[in-house]
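Protein sequence lines, in the order shown, are assigned to chains V and A.
Going by the numbering used here, the first residue of the first sequence is number 7, and it counts up by one from there.
Going by the numbering used here, the first residue of the second sequence is number 110, and it counts up by one from there.
Backbone N, C-alpha and C fix where the C-beta goes; we use that ideal spot for every residue, glycine too.
Encoded as structure tokens, the structure appears first; notes follow it.
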Amino acid sequence: MDAQLKRGVIENCVLSAMLKGETYGYELIKTVSPMIEISESTLYPILRRLCANGYVVVRSAEHNGRLRKYYSITALGKAKLDDFLRDWKDVVKIYDFILKEYKQ
Amino acid sequence: MNKSKFLKKLYRKLYFFSKDERRSIVDYYSEIIDDLIENGKSEESAVSEFEPPEVIASNYRKQRKTEWIDSGKKIPTWFWIVLIAGSPILIGLLVGAIGIVFGILGAVLGVTIGFTVGGLAAAVYGLITIFTDFAFGLSTFGTGLFLCALGLLIIIGVVTLSKKIIAKIKYSKEINK
């Protein structure tokens with residue numbers, strides 16, 4: 007997959023993994039990795055960027071005597087997911103068109 | 110590699126990031142290692158899930174230019190202003206400092222050679238005059254030997270110390286590779 011496209015897709019996968027409620031790094035990887043190949047090292051910059059852009063907020067909380075960072079999606083993040091889903095409807099329409107032309 | 114060794118190495122390899130960013134990345138990996146351990150992995154195998162610290166760091170370095178928010182270590186503007194405006198004075202100070210170092214080295218070298226050669230000469234002279242003036246000859250011989258030995262000791266000391274310093278520098282370079 008094209009790197010730019012993959013980045014966008016992973017970003018949205020990560021965002022949607024937060025829809026059920028706040029989550030943490032290790033859990034995010036477990037949730038997202040069956041969908042798309044992702045490693046700890048690719049997740050960090052994505053979370054970093056999502057937080058910096060206001061799509062995600064992070065808080066530290068104690069867990070088993072250590073600190074763990076919990077991420078949750080913001081209203082801005084949800085709006086971004088809406089955009090993504092709407093855009094992809096168009097992409098699918100275009101895809102169907104390309105496929106039809108290609109087969110003829 | 111154990112967790113603390115991995116995190117320390119990672120922190121060191123991320124030198125091109127700001128201190129906050131380095132801390133934040135290391136905290137992130139630390140948390141995931143702890144979570145892996147909590148889910149039944151051993152410390153070693155949890156750490157071995159990741160690429161080696163140098164690979165992680167070099168990947169982040171490449172990404173930073175295109176898609177990272179953090180622009181890395183920032184050198185404050187005042188630093189450049191001071192550096193440029195103060196350059197005549199700073200260069201003067203630098204030359205002065207080099208002069209002092211060489212001056213001290215020269216003085217140590219001069220004193221050491223003086224002790225060794227002068228002491229040896231005095232000892233020989235004392236040995237010759239010991240037959241004509243026993244007390245003077247003996248004391249000159251003794252003092253000469255003492256000074257010569259002192260000179261040699263300083264030489265041995267300086268050589269050993271330099272060897273140790275060079276070994277230390279080599280060792281720290283080896284570690285940082």
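Closer than 8 angstroms is the cut-off here; do at least three beta carbon pairs connect the segment 20–29 of chain V with the segment 77–84 of chain V? Judged by pairs of C-beta atoms under 8 angstroms, the segment 20–29 of chain V touches the segment 77–84 of chain V, as three or more such pairs exist.
Quick check: A/Ile145 and A/Glu153, are their CB atoms within less than 8 angstroms of each other? Taking the second sequence and counting its residues from 1, one reaches residue 145 of chain A at position 36. Taking the second sequence and counting its residues from 1, one reaches residue 153 of chain A at position 44. Position check: residue 145 of chain A holds Leu in this sequence, whereas Ile was assumed. Contact: no.
Does the Cβ of A/Pro373 have 16 or more other Cβ atoms within 10 Å, making it buried, or fewer, making it exposed? This structure cannot settle anything about residue 373 of chain A, because the visible part of chain A is limited to 110 through 286.
Going straight from the alpha carbon of V/Asp6 to that of A/Ile165, what length do you get? Because residue 6 of chain V is not part of the residues shown, which for chain V are 7 to 110, the question remains open.
Relative to the C-alpha of A/Ile263, which residue among A/Phe188, A/Phe224, A/Lys128 and A/Ile134 is closest? As a working note, residue 263 of chain A is residue 154 in the second sequence. Measuring from the Cα of A/Ile263, the nearest candidate turns out to be A/Phe224.
The segment 94–105 of chain V in contact with the segment 115–127 of chain A per 3-pair CB rule at 8 angstroms: no
Among V/Val62, V/Thr80 and V/Leu91, whose alpha-carbon lies nearest the alpha-carbon of V/Gly31? Working through the first sequence from its first residue, we reach residue 31 of chain V at position 25. Nearest C-alpha to V/Gly31: V/Val62.
Helix, strand or coil, according to DSSP, for A/Ala244 in the structure here? Counting from one through the second sequence, the residue named residue 244 of chain A turns up at place 135. DSSP places A/Ala244 in helix when its eight states are reduced to three.
Does any residue of chain V bring its CB to less than 8 angstroms from the CB of A/Glu163? Position 54 of the second sequence, counted from the first residue, corresponds to residue 163 of chain A. Not closer than 8 angstroms to any Cβ of chain V, the Cβ of A/Glu163 fails to qualify, so no.
Among V/Asp96, V/Gln110, V/Arg65 and V/Asp89, nearest to A/Tyr137 - alpha-carbon criterion: Numbered from its first residue, the second sequence carries residue 137 of chain A at position 28. The option with the nearest alpha carbon to A/Tyr137 is V/Arg65.
In whole angstroms, what separates the C-alpha of A/Lys91 from that of V/Asn70? For residue 91 of chain A there is no data in the structure shown, the boundaries of chain A being 110 and 286.
Closest to V/Ser78 by CA distance: which of V/Leu11, V/Asp93, V/Lys12 and V/Leu34 is it? As a working mapping, residue 78 of chain V is identified with position 72 in the first sequence. Checked all of V/Leu11, V/Asp93, V/Lys12 and V/Leu34; the closest Cα to V/Ser78 is V/Leu34.
Coarse secondary structure for V/Lys119, derived from DSSP in three states: With chain V running from 7 to 110 in the structure shown, residue 119 of chain V is simply not present.
At the 8 angstroms Cβ level, is A/Asp143 part of the contact set with chain V, yes or no? As a working mapping, residue 143 of chain A is identified with position 34 in the second sequence. So, interface residue.
Can you find a CB in chain A that lies within less than 8 angstroms of the CB of V/Gly31? By one-based count along the first sequence, residue 31 of chain V stands at place 25. Taking Cβ atoms only, chain A reaches closer than 8 angstroms to V/Gly31, which makes this a yes.
V/Lys75 by DSSP, collapsed to three states: which one? The residue labelled residue 75 of chain V in the question sits at position 69 within the first sequence. DSSP places V/Lys75 in strand when its eight states are reduced to three.
Reduced DSSP category for A/Tyr234 - H, G, I as helix; E, B as strand; rest coil: Stepping through the second sequence from its first residue, residue 234 of chain A is reached at position 125. In the structure shown, A/Tyr234 sits in a helix (DSSP, three-state: H, G or I).
Name the residue from A/Gly251, A/Ile207, A/Gly215 and A/Ala206 whose alpha carbon lies nearest to the alpha carbon of A/Gly227. In the second sequence, the residue the question calls residue 227 of chain A occupies position 118. Checked all of A/Gly251, A/Ile207, A/Gly215 and A/Ala206; the closest Cα to A/Gly227 is A/Gly251.
Distance cutoff 8 angstroms, beta carbons only. Does A/Asn168 sit that close to anything in chain V? To locate residue 168 of chain A, count along the second sequence from 1; it is residue 59. At least one chain V Cβ lies under 8 angstroms of A/Asn168.
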